[in-house]
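This report refers to the structure that appears directly beneath it.
Numbering (this note's numbering), first residue to last: 1 to 387.
Structural data, given as structure tokens:
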């Protein structure tokens, strides 16, 4: 003979299990709006949980209310359902289900059991409900850990695809699965990863800084390098500055803004090239844009930077008569207007006028040491290309 026949009230509870589960499901339909929004299959899973919970209580009660709830018995309340439902209903909703099921059993005790047995069963219900709640929290915690690990791997894959210029059609969909809501204006920022920092904490700090600046962020650590993909960038300098403090020591560089995720590899390419060339400008601001490092990138062998200097700096200057000659004389004279004017047999004001033209065409001022370095490099590369 099993214990279920010897424990007071257990057999009566067992006979009433189906009726209690039906009553609980009926109350869910009226009290929980989210329950009616579930699919038929999902509602059947919830019904399985409710019925298993009531059956589990009856079995546990039959074994004696003084014993602790076995972990396998508590977990069996959910069966295979929580793996599917963990992404459908929240922990709070699951707790509400447990609470409602217990409430239904408590309200039905007087109809199922005689008064002398009902008191003991009510005490047992409170104990059992607490143990099942703990089991519920444990299951959701494990599911959250698994999702967190999967999300981290997925995020790393997306960032790696951007860096490798391999943004297939699935990249944007994968990013959306992580909550990425940026519609465009993508920029890659990279620098040294801080030492002795947990990746999860580091990424959360990056995202916190990004949210404060109304940006979206994806992160990955690759070797000693921290890579951050920002979305909804309106001001490149401000966006890079928003996350710059999270990086470790050394330069922090930002690539050009790309229109969307599919073109984000262009920003990554610029950022990687700029980071490689950044040591050539030790006093560079932090962060620094990749376009501000065009000269160092060209000297480091970056063909994109070389082409940019030729096409956007040298050729516009060359198309205006005497500007290349004026720049050459000005640089050869060490930036002395009068000396350059004597070499060209013109008035110093003519030199000033031509230099202003250079500034209007290129955005670079010959009188600025940094800009003059870029202009001189562009002249050299342009002459080499023409030859």
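Even glycine gets a Cβ: it sits at the ideal position worked out from N, Cα and C. Values in this document were obtained by computation on a predicted structure and should not be read as measured data.
- By the CB criterion at 8 Å, residue 17 and residue 58 fall inside the cutoff.
- Fewer than three beta-carbon pairs drawn from the stretch 106-119 and the stretch 36-54 are found closer than 8 Å, and the two stretches are therefore not classed as touching.
- Going by beta carbons, residue 253 and residue 279 fall outside the 8 Å limit.
- When beta bridges are read from the DSSP output, residue 190 appears opposite 227, 253.
- Taking a 10 Å sphere around the C-beta of residue 367, we find fewer than 16 other C-beta atoms and assign the residue as exposed.
- In the displayed model, residue 289 falls within a strand according to three-state DSSP.
- Listed in chain order, the beta strand (DSSP E) runs fully inside the stretch 267-348 amount to none, counting runs of at least 3 residues.
- Rounded to the nearest whole angstrom, the C-alpha separation of residue 348 and residue 335 is 12 Å.
- Burial is judged here by how many other beta carbons sit within 10 angstroms of a residue's own beta carbon; residue 51 has at least 16 and is buried.
- Between residue 100 and residue 156, the alpha-carbon positions lie close to 41 Å from each other.
- Residue 381 and residue 309 do touch by the CB rule: their CB atoms are close to 5 Å apart, below 8 Å.
- Look at the beta carbons and you see the stretch 234-243 touching the stretch 201-212: at least three pairs across the two are nearer than 8 Å.
- Where residue 41 is concerned, there is no enclosing beta strand (DSSP E), although the alpha helix (DSSP H) around it starts and stops at 40-62.
- Between residue 277 and residue 289, the CB-CB gap reaches or exceeds 8 Å.
- Pairing residue 34 with residue 270, the inter-Cα distance amounts to about 48 Å.
- Boundaries of the beta strand (DSSP E) harbouring residue 218: 216-222, taken from the DSSP string.
- By the Cβ neighbour-count rule, residue 326 is buried, with 16 or more other Cβ atoms within 10 Å of its own.
- Take the alpha-carbon of residue 306 and the one of residue 158: they are about 29 Å apart.
- Note: residue 242 is not bridge-paired with any residue in the DSSP secondary-structure output.
- Taking a C-beta distance under 8 Å as the contact criterion, residue 231 and residue 191 do not qualify as a contact pair.
- The beta-carbon separation of residue 220 and residue 227, rounded to 5 Å, stays under the 8 Å limit for a contact.
- Around the Cβ of residue 44, a 10 Å sphere holds fewer than 16 other Cβ atoms; the residue is exposed.
- The alpha-carbon separation between residue 199 and residue 371 amounts to approximately 39 Å.
- Within the DSSP secondary-structure output, residue 258 pairs in a beta bridge with 186.
- For residue 11, the uninterrupted alpha helix (DSSP H) segment begins and ends at 10-15.
- The Cβ-Cβ distance between residue 10 and residue 61 falls below 8 Å.
- A straight line joining the alpha-carbon of residue 15 with that of residue 55 spans about 10 Å.
- For residue 21, same chain residues with a beta-carbon under 6 Å away, outside a window of 5 residues either side, are 50, 51, 54 in chain order.
- In this structure, residue 268 places its C-beta atom within 8 Å of the C-beta atom of residue 163.
- If you check the CB distance, residue 235 and residue 184 do not come in under 8 Å.
- Taking the Cα positions, residue 195 is about 39 Å away from residue 89.
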